[in-house]
Amino acid sequence: LCALLRAAGLVDSLVQIVSLESQHAALQQSALLIIGNMCSDEVDSNAALTKAELKACHGFEELLSHLFSPDPIVQAYALGAVQNTCRESDYLGVLWTLDLLPRIEELAVSTEPHVMQFANGVLGNIDHLMMEEEAITAIAGAERQRKALPYTPSPGALARVATAAELLGGAASEAVVAAAARSALARQQAAKRQAAKEEAVRWAASKNRRLRLLLRNLAEEEAAWQEAAAAQEAKKAAELELRKAAWEAAERRKAA
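Going by our numbering, the first residue of the sequence shown is number -16, and it counts up by one from there.
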């Protein structure tokens, strides 16, 4: 069944549903539940394929705003989906960037049994991943870091997480809002640096074009000057030949 759903392009559609405004809560509950099940290795032996598609469309970040839903069912389904997808270092980086652990720890002591269960499952997976990362780093961390491609979270999804956190309120939510603001500022600064680099490249290219044009103009002027000088020399030589011929003619007349 999961293979058929993947083949039908359902993963991307589910992510789009999850990213909708909160008035579509019932639809989002179903989407979160389906994503969580499709990403479960217990439900689908090829769940890794679903996770790869989810990553390609930045689905993980879209799950996170629902951790701040006032609806415990939405919280539970979102946590279940996060639990089944969070064991990747890229996603750990997203959770760190948004300072989301305090919120997950809040949910881990919820009075709602399923919310508490899935939140503790998320924390357990994070702990397990951190231990794996430490072991990998100890063995060949530097080489791995050089080869790893950077994962860039969706700015729109991060903004939705901050908005949801702000609406819910509380200390953990405030931490997320502040972290999202820092992340947005860092992206803006990175974009400015990139724009400055591109402008420098364009300026250098423009400068090189101007330099080439100047050199070409100088070469053309040099060629024109040499041509004029050669013409002047030829004219002087011709005049000299005429004067010489006239003098020789005068001398012959005198001799005659």
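A virtual CB, placed ideally from N, CA and C, is assigned to each residue, including glycine.
Note that this is a predicted model, so its numbers are computed, not measured.
Cβ neighbours of Asp54 in the same chain (closer than 7 Å, five flanking residues each side left out): The sequence position of residue 54 within the sequence shown is 71, counting from 1. For Asp54, where only same-chain residues beyond five positions count, the Cβ hits under 7 Å are Ala8.
Under 8 Å, do Ile109 and Leu75 count as touching if we go by C-beta distance? What you label residue 109 is simply residue 126 of the sequence shown in a count that begins at 1. What you label residue 75 is simply residue 92 of the sequence shown in a count that begins at 1. Cβ distance < 8 Å, so Ile109 and Leu75 count as in contact.
Residue of Val65, Glu95, His97 minimising C-alpha distance to Leu84: Reading the sequence shown from its first residue, position 101 is the one you call residue 84. That would be Val65, whose Cα lies nearest to the Cα of Leu84.
With DSSP as the reference, label Leu(-12) as helix, strand or coil. Numbered from 1 along the sequence shown, position 5 holds the residue referred to as residue -12. Three-state DSSP puts Leu(-12) in a helix.
Would you kindly check if the distance between the Cβ of Met21 and the Cβ of Ala31 is under 8 Å? For the purposes of this step, residue 31 is identified with residue 48 of the sequence shown, where counting begins at 1. For the purposes of this step, residue 21 is identified with residue 38 of the sequence shown, where counting begins at 1. The answer is no: Cβ separation not under 8 Å.
Taking the C-alpha atoms as reference points, what is the distance between Gln(-1) and Phe51? Here residue -1 refers to the residue found at position 16 when the sequence shown is read from its first residue. Here residue 51 refers to the residue found at position 68 when the sequence shown is read from its first residue. If you take the alpha carbons of Gln(-1) and Phe51, they lie about 18 Å apart.
Thr146 - containing alpha helix (DSSP H), residue span: Here residue 146 refers to the residue found at position 163 of the sequence shown. Residues 138 to 151.
Let me confirm a value: Ala123 is counted as buried when at least 16 other C-beta atoms fall within 10 Å, else exposed. Which label applies? For this step, residue 123 is matched to residue 140 along the sequence shown. Only weak support is given to the placement of Ala123: the predicted model assigns it a pLDDT of 49, under 50, and the value that follows is read from those uncertain coordinates. By the 10 Å Cβ count, Ala123 comes out exposed.
Could you give the first and the last residue of the continuous alpha helix (DSSP H) run that contains Val26? Residue mapping note: residue 26 aligns to position 43 of the sequence shown, counting from 1. Note, Val26: premise wrong, no alpha helix (DSSP H); not H, not E.
Just mark Asp82 as buried or exposed, buried being the case when its beta carbon has 16 or more other beta carbons within 10 Å. For the purposes of this step, residue 82 is taken as the residue at position 99 of the sequence shown. Label assigned to Asp82: buried.
Quick one: what's got a C-beta closer than 6 Å to Ala162's C-beta in the same chain, skipping five residues either side? In the sequence shown, the residue the question calls residue 162 occupies position 179. Leu81, Asp82, listed in sequence order.
Alpha carbon of Glu149 to alpha carbon of Leu(-16), nearest angstrom: Taking the sequence shown and counting its residues from 1, the one referred to as residue 149 is at position 166. Taking the sequence shown and counting its residues from 1, the one referred to as residue -16 is at position 1. When rounded, the distance between both Cα atoms is 38 Å.
Our contact map puts Ser156 next to Glu44 with C-beta atoms below 8 Å; I'd like the distance itself, whole angstroms only. As a working mapping, residue 156 is identified with position 173 in the sequence shown. As a working mapping, residue 44 is identified with position 61 in the sequence shown. Going by Cβ atoms, the distance from Ser156 to Glu44 rounds to 17 Å, so no, they are not a contact pair.
Roughly how many angstroms separate the alpha carbons of Glu242 and Ala232, rounded to a whole number? Here the chain covers residues -16 to 239 and nothing more, so residue 242 does not appear.
Relative to the C-alpha of Ser93, which residue among Arg143, Met113, Ile56 is closest? Walking along the sequence shown from the start, residue 93 turns up at place 110. Nearest option by C-alpha distance: Ile56.
Is it buried or exposed, Ala213, if we count other Cβ atoms within 10 angstroms and call 16 or more buried? Stepping through the sequence shown from its first residue, residue 213 is reached at position 230. Classification of Ala213: exposed, given that the 10 Å Cβ count is below 16.
Can you say whether Lys227 is buried or exposed, counting buried as having 16 or more other CB atoms within 10 angstroms of its CB? As a first step, residue 227 is located in the sequence shown; it is residue number 244 there, counting from the start. Counting Cβ neighbours within 10 Å, Lys227 comes out exposed, since fewer than 16 surround it.
Go to Thr68, then tell me how far its alpha helix (DSSP H) extends in each direction, as first and last residue. Taking the first residue of the sequence shown as position 1, residue 68 is located at position 85. Where Thr68 is concerned, the enclosing alpha helix (DSSP H) stretches over 55 to 68.
Would you mind reading off the limits of the alpha helix (DSSP H) that contains Thr80? Along the sequence shown, read from residue 1 onward, the residue named residue 80 stands at position 97. From DSSP, the alpha helix (DSSP H) with Thr80 extends over 72 to 80.
Rank Leu37, Lys237, Val1, Glu222 by C-alpha distance to the C-alpha of Gly(-8) and give the top, closest one. Taking the sequence shown and counting its residues from 1, one reaches residue -8 at position 9. The shortest Cα separation from Gly(-8) among Leu37, Lys237, Val1, Glu222 belongs to Leu37.
Would Gly42 be called buried (16 or more neighbouring beta carbons within 10 Å of its own) or exposed? The residue labelled residue 42 in the question sits at position 59 within the sequence shown. Buried, because 16 or more other Cβ atoms sit within 10 Å of the Cβ of Gly42.
Cβ neighbour criterion (16 or more within 10 Å) applied to Ala202: In the sequence shown, counting from the first residue as 1, residue 202 sits at position 219. When all chains shown are included, Ala202 counts as exposed.
Provide the residue span of the alpha helix (DSSP H) that contains Ser(-4), from first to last. Here residue -4 refers to the residue found at position 13 when the sequence shown is read from its first residue. Unbroken alpha helix (DSSP H) run through Ser(-4): -7 to 1.
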